[in-house]
Amino acid sequence: MEIWLNEIWRGFIRLGMQPLLYWSILLLFLISVRRMKQERKRFGTRVYDIFTEGRSTWKISLISGLFLSLFLIGAGVVLPYEFFLLVAAVSILFSLPLKLRLLSPVYTVGVTIVFLYFLPWIPEGEVPESFISNLTSVSLPALAILMSLLFIIEGIILTKTSSRRTFPERIVSSRGKKIGQHRVKKIALIPMASLFPSGMIEPLAPWWPVFDIAGSAYGIVVFPILLGYEWIARAQSPKFSAITLGKQTIGIAVLTMFTAAASIYIPLLSIIAVGIAAVGRIIIYMLHKSREKSKPYFTQDHRGVRILGTIPGSPADEMDLLPGELIVKVNGIPVKSVHEFYEALQINRAFTKVEVRDFRGENRFEQRAMYEGDHHQLGLLFVEEASYESAAL
């Protein structure tokens, strides 16, 4: 037990040696700053705080990291330091465009698997021999299973998307009309532990390790995996869109996992598993794009005023007004435009009562007393919002 505890402690120290850890922090900062600049340009105010793209993921990241660590250590997967450098290089390369869609494990871990599969065919002298020998010892079936599990986690995070944590945008359609859309994006850093070919841990049983390279002693290393996704919801509610995408992702990931598990007996299936995941993700994206070609969801509606977004901590946020819902009355007065909404809001500045139609087509009432210092105009964002922007500026 003392040896294991000592190696676990050393594993966390080795986490500080991973370049991907520091790049993920910088990447999150760059993405957040760029998004806040766009929000100020579109709405005249910042909507979400910095680092929002990475919030609400730490719990599932830690739980997932623990589960994956048990799999890697329990199966005896030994990963050399060269592997972590390769994954970091691929992840950093794919994240340079600042598009979180490319940080799916299908791409980062999948490309790593393909590279390792064809590594023995690299001409001698192109890559240091020690680098090649350490990487060729990595189990491709184990990596294929790991990719599948990470793909499932991506789908789970998608299904847990909150309507309050998608990012509203105001754009001009191909017909020159202002419409709204939501960018569903998230970045997560999953810390995992695996065996490392250096340390004092001896094999515990004849079946352990299963995927192991030859060796007599192992240590533990904690390393990060950067996971991200990014989609646009324009023709449907961002919440429903995320749930649909998440379920489809999990379905493809489960099929990939069965193929990856079979690669333990037929190694070629590890590459086929990568192909299934990549093709499946492309199909999911194409189906989503086809759904997005229908009528825009966030646009003017003759029945009321469609909510594009709410600013966190504002009266609208506290009143539980959600993006996509339709405001039909304010202070008892029917409203069909943003201008009418603002006029009705001024009737009673001390108390506001809103009748809103939810996603099921049912009306409900929300009300709140207004206090000095409350966000201007409830903190609601609309596709057409000239009056609000003028006041905010």
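Every letter in the sequence shown is one number past the one before it in this note's numbering, and letter 232, counting from 1, is 915. Glycine residues also receive a C-beta, built at the ideal position from the N, C-alpha and C atoms.
Considering only the beta carbon of each residue, do residue i and residue j sit closer than 8 Å?
i, j, result
"P851", "H865", "yes"
"V1097", "F1024", "Only positions 684 to 1076 of the chain appear in the structure, and residue 1097 is not among them; the question remains open."
"F766", "V821", "yes"
"L1064", "G992", "yes"
"T795", "V770", "yes"
"M1002", "R1032", "no"
"I733", "M719", "yes"
"Y912", "E837", "yes"
"F981", "I862", "yes"
"K1012", "H985", "no"
"G929", "L841", "yes"
"L711", "I915", "no"
"I967", "T939", "no"
"A876", "L755", "yes"
"L781", "I714", "yes"
"T849", "P1006", "yes"
"R725", "R853", "yes"
"A999", "I1016", "no"
"I835", "I743", "no"
"S831", "A943", "yes"
"L1004", "V1037", "yes"
"A925", "V867", "yes"
"L909", "L833", "no"
"S739", "S845", "yes"
"L818", "Y800", "no"
"S774", "L703", "yes"
"I994", "G902", "no"
Name the DSSP beta bridge partners of residue i, please?
i, result
"G987", "D984"
"M875", "F906"
"A1052", "F1034"
"N1046", "R1040"
"V1013", "I1016, V1037"
"W692", "For W692, which the question treats as bridged, DSSP gives no partner whatsoever."
"G911", "I870"
"L1064", "G992"
"A916", "H865"
Starting from residue i, follow the alpha helix (DSSP H) in both directions and report where the run begins and ends.
i, result
"Q721", "702 to 726"
"V1021", "1021 to 1028"
"F941", "921 to 945"
"A961", "952 to 974"
"A999", "998 to 1001"
From which residue to which residue does the beta strand (DSSP E) around residue i run?
i, result
"L762", "Neither: L762 is in no beta strand (DSSP E) and is coded neither H nor E."
"E1038", "1034 to 1040"
Taking 8 Å as the CB-CB limit, is residue i close to chain C?
i, result
"K843", "Looking at the structure shown, chain C is missing, and only one protein chain is on hand."
contact_flag[the region 964 to 979, the region 815 to 827] where n(CB pairs < 8 Å) is 3 or more
Touching, no, given that fewer than three Cβ pairs across the two stretches are closer than 8 Å.
Which whole runs of the beta strand (DSSP E) in the region 786 to 866 are 3 residues long or more, in chain order?
Correct list: 850 to 855.
Is there contact here, the region 755 to 769 with the region 917 to 927, by at least three beta-carbon pairs under 8 Å?
With the cut-off at 8 Å, the region 755 to 769 and the region 917 to 927 do not touch.
Stretch-stretch touch, CB-based, cutoff 8 Å, three pairs: the region 1030 to 1044 with the region 946 to 954:
Fewer than three pairs of CB atoms, one per stretch, sit closer than 8 Å, so the region 1030 to 1044 makes no contact with the region 946 to 954.
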